[in-house]
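**Student:** Let me begin by handing over the structure; questions about it come next.
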Amino acid sequence: MATTTPVPTETECPPMDFGDLKSECVAPRPSIMGQKRSLRSILWLSFKGILRGLLTTLSYFRRPSTVVTQQYPENRETLEMFERYRGRLSLIHNEEGEHGCTACQICERLCPNASIIITKDKKNEATGKPALDQFIWRQDTCTFCNICVLVCPFDTLEMTGDFESSVYDRRLLVFNLNEYAGPTAGQLDKLDDEELAKEQMKPMKKYQGPIPMCGGEMDGIPKLDVEKSTDV
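First residue of the sequence shown: 1, per full-length UniProt numbering; consecutive thereafter.
What follows is the structure, given as structure tokens:
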């Protein structure tokens, strides 16, 4: 036979008194004088911390030898960026000043914003193969995505740790990366005549040739004299 649980009626549940519970849970409100004292102490601690820092700085003027830290640009000669820093694109040259770029233009085609422009000699007279003429890099539009370095089949590109690239004329941010126009180091080594190999290496200046914006005239801007620009 099933049993049923009796349901308590309203009279069996005495009303609860929350008066004492309310008084225990609610924290007493601080007095106005207490708030003023707290604010005053905070202001004093802040002022004391600022004063301590200023006194330390002023002491360096009296005793410069006690300076324990160096800041840029005083430490420019010894400052080194971390290994993965991407500061400036560079075309690698060996000890003889020869590069390994075959002007295949893979980096130019894959550059997402056309910051690389490569011109080439379709057939070099000595090697019979294409040779690099100009490797133009537009630092003003480069996003430093490193794609060109990754896709280069001959590992001739790298990102350096150079971080000082400020100029007064943005035309100085478009320049050649190759130090000479001519065949690669491997192609030059195959030539038996050393004099002939040297003749194929035509010196290329940083700002030379028909480079877009590089030193040329712009609307209302005269031609740039890059020879006088020493910090480039």
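C-beta: ideal position from N, C-alpha, C; glycine also.
Which same chain residues end up closer than 8 Å to R84 when comparing Cβ atoms and leaving out the 5 residues on each side of it in sequence?
**Tutor:** Here residue 84 refers to the residue found at position 84 when the sequence shown is read from its first residue. Result list for R84: empty, nothing under 8 Å.
**Student:** Closest Cβ-Cβ distance between C101 and chain B: below 8 Å?
**Tutor:** Absent from the structure: chain B. Only one protein chain is present.
**Student:** Between the region 132-145 and the region 107-124, do at least 3 Cβ pairs fall closer than 8 Å?
**Tutor:** Output reads yes: the region 107-124 touches the region 132-145.
**Student:** Please report the distance separating the alpha-carbon of L43 from that of S166.
**Tutor:** Residue mapping note: residue 43 aligns to position 43 of the sequence shown, counting from 1. Residue mapping note: residue 166 aligns to position 166 of the sequence shown, counting from 1. Going from the Cα of L43 to the Cα of S166 covers about 42 Å.
**Student:** Whole angstroms is fine: what's the gap from L91's alpha carbon to S59's?
**Tutor:** Within the sequence shown, the letter at position 91 stands for residue 91. Within the sequence shown, the letter at position 59 stands for residue 59. Approximately 48 Å, taken between the alpha carbons.
**Student:** Assign I32 to one of three DSSP states: helix, strand, or coil.
**Tutor:** What you label residue 32 is simply residue 32 of the sequence shown in a count that begins at 1. Only weak support exists for where I32 lies, its pLDDT of 46 falling under 50; the value from the coordinates is given anyway. It is helical.
**Student:** What number of angstroms, rounded off, separates the C-alpha of V170 from the C-alpha of E164?
**Tutor:** As a working note, residue 170 is residue 170 in the sequence shown. As a working note, residue 164 is residue 164 in the sequence shown. The question names Val, yet the displayed sequence has Arg at residue 170. If you take the alpha carbons of R170 and E164, they lie about 14 Å apart.
**Student:** Enumerated in chain order, which unbroken segments of the beta strand (DSSP E) with a length of 3 residues or greater are wholly contained in the UniProt domain "4Fe-4S ferredoxin-type" (89-121)?
**Tutor:** As for any beta strand (DSSP E) of minimum length 3 sitting wholly inside the UniProt domain "4Fe-4S ferredoxin-type" (89-121), the runs are 116-121, ordered along the chain.
**Student:** Please tell me whether A126 and L191 are closer than 8 Å, where the distance is taken between their beta carbons.
**Tutor:** Counted from its first residue, the sequence shown places residue 126 at position 126. Counted from its first residue, the sequence shown places residue 191 at position 191. Yes.
**Student:** Please state whether DSSP places Y180 in a helix, a strand or coil.
**Tutor:** Translated into the one-based positions of the sequence shown, residue 180 becomes position 180. If DSSP states are grouped into helix, strand and coil, Y180 belongs with the strands.
**Student:** For V68 and Q208, what's the separation of their Cα atoms in angstroms?
**Tutor:** Your numbering for residue 68 matches position 68 in the sequence shown. Your numbering for residue 208 matches position 208 in the sequence shown. Cα to Cα, the separation comes out at about 46 Å.
**Student:** In the DSSP output, what is I136 paired with across the bridge?
**Tutor:** To locate residue 136, count along the sequence shown from 1; it is residue 136. For I136, which the question treats as bridged, DSSP gives the partners I117, N176.
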